[in-house]
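Down below is the structure, laid out as structure tokens.
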Amino acid sequence: MSSGSPDNTNNSTSNDLLKYNSLTMAQIDAAYAKNEIPINLLPADKHPYWNNVPTGRTTIEDAQQLEYDEHHIDLIADQDGVDLGQHLGLDNHQHDLDFSDDENIIGDPFDNGTASNSNKNRGLIKGNITSDGIIDDDFESELGGHEPTDLQDTEDADYQLMTKISEYRIIECCGDDKFGRKTIVFSACRLPNQDDIRNSEFKTVAKFRECLFKYFLRAFDQYVDMDYVLIYFHYGLRSYNRPSYGWLMQCYLKIDRKYKKNLKALYLVHPTTWIKFFWPVIRPFISVKFSRKVTYINRLSQLEEYVHLDNIRIPDEVKSCDPVGPLEISKNQTRPTTKFHVSLQFILENEPGEVIPLVVRQTIDFIKNFGLNEPGIFRRSALVSLTKQVQTKYNEGQPVVFEQYGDVHLAACILKTFLRDLSEPLMTYRLYPELLGLSGTLKRPDQVDIIRDLIVEKLPTQNYNVLKYLIEFLNLASNYSNTNLMTTSNLAIVFGPNLAWAEDVQMNSLANYSLINTFTEILIARYTELFLK
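Going by my numbering, the sequence shown wraps up at 562, each residue one higher than the last.
Written out as structure tokens, the structure is:
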């Protein structure tokens with residue numbers, strides 16, 4: 030690490046924390062290097078401990094976690110009072126932090142060693158230190174300052190390399206979760222072997238990581254402007270593709286606060302001892318609020334409670350170690366009053382005489398009356414408990430009065446989840462390939478005629494009526510963008526993935542989402558020209 034006198038008092042605190050944690054970091058690296066056995070898991074039915082795995086949500090702060098052990102290839106439970114260093118046979122003398130590829134924990138991920146010493150020695154810590162030694166950043170006081178970025182920035186010297194990054198599918202956007210929040214997935218098994226990186230166009234591991242971080246910022250900046258969740262599939266992280274601790278800390282310290290503030294849940298899927306060791310190391314550098322968002326997920330079946338698994342391109346390596354069968358809703362158990370996880374046809378058949386479903390009418394009416402001037406309407410999520418409560422009321426045929434909750438974001442969230450929970454999207458599976466086929470026509474002068482023919486002639490009447498009702502409302506909401514900050518583009522980013530998605534999950538790529546968003550923006554902006562019947 031670079032040395033130098035602190036620029037401010039925050040630096041002394043930062044250096045003390047780094048010194049305090051350097052032993053732990055170095056020990057973990059040493060232990061990891063000693064065991065080169067690739068992470069592997071026994072088939073789920075061979076594990077004797079699965080029956081003891083908690084079935085509910087378990088935060089990372091809770092005790093007694095069952096987890097994968099990447100070295101011993103079985104499951105272990107946390108035990109209070111266990112000396113992890115002694116357990117691994119590590120010595121107790123001091124070590125320096127191990128940063129591979131000449132990375133510096135307090136440098137710029139894009140620096141490449143050219144930054145000034147004053148920049149490298151700037152303070153790490155901002156915010157108050159709580160009684161348990163955790164930084165309490167006030168993320169709610171700031172919304173972040175990044176301007177929207179575009180991956181198609183051909184003037185960037187690394188444009189071609191970032192395009193190559195997308196082919197690895199390490200980071201992907203997978204629509205909304207079950208509570209109306211954007212879902213981003215990071216798959217560790219797709220990180221390439223470092224030897225392969227050195228023999229590729231990236232030349233060095235440092236360059237690959239630099240481009241990976243830039244790709245993340247450019248591709249997902251528009252999504253983290255709103256509430257989102259992050260799913261991290263840990264299975265497949267091995268010694269030869271594992272990022273260094275220094276780089277991980279650099280990225281965390283470099284990202285804008287909106288990435289931390291708007292992150293509502295971080296799901297660590299198939300956690301191992303590596304994660305358990307790494308967590309105490311980084312705790313002094315993260316906020317109390319951030320740490321409370323982290324959840325261990327031991328089985329894919331547990332993840333189904335929070336996200337739509339059929340909308341996530343789960344790596345084959347992950348599915349092979351933890352198979353999860355398709356979840357089906359029994360028609361015999363579906364009440365006539367059910368509004369979620371059923372088809373639009375089923376809903377309207379059980380609402381005689383109605384053209385627009387009750388959920389859509391009530392949520393839109395409430396937002397029209399109370400939420401058109403609400404800043405960030407549709408970007409913010411509601412309490413998960415209230416979302417579940419309202420969904421249950423609708424499914425059971427109980428009356429829902431949004432006025433009694435006093436939260437326009439709840440109504441907005443219910444509208445989004447209703448659309449996403451339809452058993453078939455509003456734009457139908459049949460028309461999805463035709464939507465993708467519009468990529469060459471969306472910028473043509475006759476785009477309106479082409480889109481009008483698609484939605485008027487080919488969309489089922491029930492779907493057309495609901496789409497028209499919804500888009501008319503979104504067009505109205507965009508007229509209040511000076512106060513609610515929701516332009517046609519912002520509304521399209523929110524609603525596009527909830528109107529159209531592929532039946533084949535492999536087709537739900539970031540590029541296809543961008544196309545659907547563009548299509549949705551045209552629907553909203555040119556509503557009066559498109560919906561003539």
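We put the CB at the ideal spot given by N, CA and C, even for glycine. In this text, all values refer to a predicted model and were calculated from it rather than measured experimentally.
Bridge partner(s) assigned by DSSP for residue i
{"i": "residue 259", "result": "213, 295"}
{"i": "residue 200", "result": "215"}
{"i": "residue 205", "result": "211"}
Residue i, enclosing beta strand (DSSP E) - first and last residue
{"i": "residue 325", "result": "323 to 326"}
Short Cβ contact (8 Å threshold) for residue i with residue j
{"i": "residue 210", "j": "residue 258", "result": "yes"}
{"i": "residue 429", "j": "residue 391", "result": "yes"}
{"i": "residue 230", "j": "residue 193", "result": "yes"}
{"i": "residue 460", "j": "residue 439", "result": "no"}
{"i": "residue 564", "j": "residue 291", "result": "What the structure shows of the chain is the stretch from 30 to 562, and residue 564 is not part of that stretch, so it cannot be assessed."}
{"i": "residue 344", "j": "residue 538", "result": "no"}
{"i": "residue 595", "j": "residue 458", "result": "Residue numbering for the chain in the displayed model covers 30 to 562; residue 595 lies beyond these limits and cannot be assessed."}
{"i": "residue 227", "j": "residue 191", "result": "no"}
{"i": "residue 263", "j": "residue 212", "result": "no"}
{"i": "residue 389", "j": "residue 444", "result": "yes"}
{"i": "residue 503", "j": "residue 488", "result": "no"}
{"i": "residue 506", "j": "residue 515", "result": "yes"}
{"i": "residue 556", "j": "residue 486", "result": "no"}
{"i": "residue 393", "j": "residue 437", "result": "no"}
{"i": "residue 237", "j": "residue 442", "result": "no"}
{"i": "residue 346", "j": "residue 265", "result": "yes"}
{"i": "residue 242", "j": "residue 200", "result": "no"}
{"i": "residue 327", "j": "residue 269", "result": "no"}
Buried versus exposed, by CB contacts within 10 Å (16 or more), residue i
{"i": "residue 548", "result": "buried"}
{"i": "residue 497", "result": "buried"}
{"i": "residue 279", "result": "buried"}
{"i": "residue 384", "result": "exposed"}
{"i": "residue 559", "result": "buried"}
{"i": "residue 420", "result": "buried"}
{"i": "residue 381", "result": "exposed"}
{"i": "residue 449", "result": "buried"}
{"i": "residue 552", "result": "buried"}
{"i": "residue 275", "result": "buried"}
{"i": "residue 372", "result": "exposed"}
{"i": "residue 402", "result": "exposed"}
{"i": "residue 637", "result": "For residue 637 there is no data in the structure shown, the boundaries of the chain being 30 and 562."}
{"i": "residue 546", "result": "buried"}
{"i": "residue 527", "result": "buried"}
{"i": "residue 425", "result": "exposed"}
{"i": "residue 189", "result": "exposed"}
{"i": "residue 408", "result": "buried"}
{"i": "residue 121", "result": "Reliability of the predicted coordinates at residue 121 is poor, the pLDDT of 37 falling under 50, and no value is obtained from them."}
{"i": "residue 63", "result": "Model confidence at residue 63 stands at a pLDDT of 44, short of 50, so the residue's coordinates are unreliable and nothing is read from them."}
Start-to-end residues for the alpha helix (DSSP H) that takes in residue i
{"i": "residue 275", "result": "274 to 283"}
{"i": "residue 558", "result": "556 to 559"}
{"i": "residue 227", "result": "223 to 227"}
{"i": "residue 396", "result": "387 to 399"}
{"i": "residue 247", "result": "234 to 249"}
{"i": "residue 286", "result": "286 to 290"}
{"i": "residue 422", "result": "413 to 425"}
{"i": "residue 348", "result": "345 to 350"}
{"i": "residue 521", "result": "517 to 528"}
{"i": "residue 502", "result": "490 to 507"}
{"i": "residue 461", "result": "461 to 465"}
{"i": "residue 446", "result": "437 to 450"}
{"i": "residue 487", "result": "Taken as a continuous stretch (DSSP letters only), residue 487 belongs to no alpha helix (DSSP H), as it is neither H nor E."}
{"i": "residue 318", "result": "317 to 320"}
{"i": "residue 377", "result": "373 to 378"}
{"i": "residue 331", "result": "329 to 332"}
{"i": "residue 513", "result": "510 to 513"}
Check: residue i C-beta below 7 Å from any heavy atom of the ligand PLP
{"i": "residue 272", "result": "As presented, the structure is devoid of all ligands, the ligand PLP included, so that no description of it is given."}
### Task
May I ask you to verify whether the region 499 to 518 touches the region 414 to 426, counting CB pairs closer than 8 Å and requiring at least 3?
no
### Task
Taking 8 Å as the threshold, find out whether the region 425 to 439 comes into contact with the region 467 to 476 through three or more Cβ pairs.
No, the region 425 to 439 does not touch the region 467 to 476.
### Stretch-stretch touch, CB-based, cutoff 8 Å, three pairs: the region 198 to 215 with the region 322 to 338
The region 198 to 215 makes contact with the region 322 to 338, as at least three CB pairs between them are under 8 Å.
### Task
Take every Cβ of the region 249 to 256, pair it with every Cβ of the region 295 to 310, and state whether three or more of those distances are shorter than 8 Å.
no
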